[in-house]
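Chemist:
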Amino acid sequence: MITMKLRRPSTTASIWSSGKITCTGAESEEDAKKAARKIARSLSKLGFNVRFSNFRVVNVLGTCLMPWAIRITNFSNANRDHA
């Protein structure tokens, strides 16, 4: 596997020997597709026979910042059934 980073859209692509490309870090589905197309175009310019197909969004990650500290150990001990 090799890793390729793009500045715009700001993404990181993992390129596997099987031909699979995984793009991470995009802020929208449109940016992810644009990044995947840029990676495919770069590989094409290097002489690889590239077909852009089977694009899909598999995972979405959300983050938030709490206005207080979270005591992870206490939280885990209090919620053993779920943690």
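The numbering of the sequence shown is my numbering, which starts it at 34 and goes up by one.
Where a beta carbon is used, it is the ideal one built from N, C-alpha and C, also for glycine.
This one's a predicted model, so the numbers in the text were calculated from it and none came from an experiment.
Below 8 Å on the Cβ atoms is my guess for M34 versus S43; work out the distance and round it to an integer in Å.
Modeler: 20 Å between Cβ atoms; not a contact.
Chemist: Could you check what DSSP says for T57 in three-state terms: helix, strand or coil?
Modeler: strand
Chemist: So within the region 61-95, which uninterrupted alpha helix (DSSP H) runs reach at least 4 residues, ignoring any that extend past its ends?
Modeler: 62-78
Chemist: Going by alpha carbons, who is nearest to K71 out of E60, C56 and S61?
Modeler: C56
Chemist: Here's the rule: buried if 16 or more other CB atoms are within 10 angstroms of the residue's CB, otherwise exposed. What is L128?
Modeler: Residue 128 lies beyond the residue range present for the chain, which begins at 34 and ends at 116; the question has no answer from this structure.
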